[in-house]
Amino acid sequence: SGPRSRERQTAAFRESLKRHHYLNSLFPGENYTAVYGVNQFSYLLPEEFKAIYLRSKPSKYPRYPVEAPKPTSSVP
Amino acid sequence: LPVKFDWRDKHVVTQVRNQHMCGGCWAFSVVGAVESAYARKGQPLEELSVQQVIDCSYNNYGCNGGTPSSAFTWLNKTQVKLVKDSEYPFKVQNGLCRYFSDSHPGYSIKDYSAFDFSGQEDEMAKALLNFGPLVVVVDAMSWQDYLGGIIQHHCSSGEANHAVLITGFDKTGSTPYWIVRNSWGSSWGVDGYAHVKMGGNICGIADSVSAVFV
Chain A
1 SGPRSRERQT AAFRESLKRH HYLNSLFPGE NYTAVYGVNQ FSYLLPEEFK
51 AIYLRSKPSK YPRYPVEAPK PTSSVP
Chain B
77 LPVKFDWRDK HVVTQVRNQH MCGGCWAFSV VGAVESAYAR KGQPLEELSV
127 QQVIDCSYNN YGCNGGTPSS AFTWLNKTQV KLVKDSEYPF KVQNGLCRYF
177 SDSHPGYSIK DYSAFDFSGQ EDEMAKALLN FGPLVVVVDA MSWQDYLGGI
227 IQHHCSSGEA NHAVLITGFD KTGSTPYWIV RNSWGSSWGV DGYAHVKMGG
277 NICGIADSVS AVFV
C-alpha cells in the first residue's frame, strides 16, 4: 500500500508486459510452446519474485546408475 | 514405458497448494511426495502438514528457503511423523516447532533416494513409474510469467532455484513433456501445473531428482 508502492507496482507491471512480448516473440512458430502473459506475479519485479518465491537450491547428487547391458559371451 | 502417465489419474496426488509469500517450495514438494507415497501404499490420500516441515526441519530455513535433500535427510534421520495439515495448518510464516507424542498418528518415511538424471530422462520416467511422484529443483525464473503450453526455452540448467513435484509425463504429441505440480495456487499455469519439455534437461529438471519410500 502507499503511493511509492503503487509506483513500484506500476513499474513492475510495465516491465512485465515488455518481458511477455519478448518471451513470446522468440519462438513464434514452435509447436505448443509456452505462452507468457499477465498473472498474479505481474506486479512484482523479477528480483522481488526471485527473493520471495525462488528459495531453494539444487543438491549435488550421484548420477543415476543405468544397468549396463550384459556382455554376450557367445555370438552365434 | 507408456506414452502417457500421470499419478493424478491414480488419485494419489493431493490438490495444488499455494505457498503465498513463504519461500517454502522445498517443503511443499517434499510433503507432496510423502502424501503420494502413502496413497500409493493404499492409505487414504491426505494433506499432510507443510508447516510442520517448515517449523521443524532444523537444517533448513523455513519460509526463507531450504532444500528437498535436507528435508528428506531430516525426515529420515529423526523419523518424525508428519501430522495432518488440519492439525498443524499452514500459516505463511516460520513458527516454533510443535512436538507430538509418539502415540500421535502420523506419517514417517522409510528412506529416500536422490540422483542426477541429466541425459537420462527416459530412465527418469521409469523412476517416476516405479517410485511415484519425483521431487525436482528447477530454474523457475521465467515461470513468473508462465500461462500455459510447454516450457522449452527461457530457463537453464545449473541455475535451479525452485522445488516442485513431477506427477507424470505425456509423450503423445510432437513435444513430449513432464507434468509438474507447482505450489503457487491453482490459478497459476495449467491449473497450478507446468508442462516442461522432456529431454534436454530443460530448466535443469533432471539434475536434482529425489523419491521417497514409506
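As you go down the protein sequences, you meet chains A and B in turn.
The first sequence begins at 1 in this note's numbering and counts up one residue at a time.
The second sequence begins at 77 in this note's numbering and counts up one residue at a time.
All C-beta atoms in this analysis are idealised placements derived from N, C-alpha and C, irrespective of residue type, glycine included.
Across the set B/P144, B/D82, B/W260, B/A282, the C-alpha of B/P144 shows the shortest separation from the C-alpha of B/V288.
Contact check between the segment 233–241 of chain B and the segment 33–42 of chain A: fewer than three CB pairs, one atom from each, fall below 8 Å, which does not count as touching.
In the DSSP annotation of this structure, B/S286 is not part of any alpha helix (DSSP H); the continuous beta strand (DSSP E) holding it starts and ends at 285–289.
Rounded to the nearest whole angstrom, the CA to CA distance from A/E15 to A/F27 is 20 Å. In the pairwise beta carbon analysis, the segment 177–188 of chain B is classified as not touching the segment 92–105 of chain B: fewer than three pairs are separated by under 8 Å.
For chain A, the residues of the segment 138–156 of chain B that bring a beta carbon within less than 9 Å of one of its beta carbons are C139, N140, G141, G142, T143, P144, S145, S146, in chain order.
Taking a 10 Å sphere around the C-beta of A/T33, we find 16 or more other C-beta atoms and assign the residue as buried. Looking only at B/L151, B/V213, B/A282, the smallest Cα-Cα distance to B/G141 is reached by B/V213. Close partners of B/Y222 in chain A (Cβ separation under 7 Å): A34, Y36. Boundaries for B/Y183: no alpha helix (DSSP H) harbours it, and the DSSP string shows neither H nor E there. According to the DSSP assignment, B/F166 belongs to no alpha helix (DSSP H), since it is labelled neither H nor E. As the crow flies, the alpha-carbon of B/G275 is around 8 Å from that of B/D198.
Between A/E30 and the set B/S250, B/S133, B/A282, the nearest pair of CA atoms involves B/S250. Taking CB atoms only, B/F191 has a neighbour in chain A less than 7 Å away.
The DSSP-derived three-state label of B/N94 is strand.
Using a Cβ-Cβ cut-off of 8 Å, B/I227 is close to A34 of chain A, given in chain order. Residues of the segment 229–251 of chain B with a C-beta less than 7 Å from any C-beta of chain A: H229, H230, A236, N237, H238, A239, G249, S250, T251, listed in chain order.
By the CB criterion at 7 Å, B/D85 and B/T243 fall outside the cutoff. DSSP, read as helix, strand or coil, puts B/K80 in strand.
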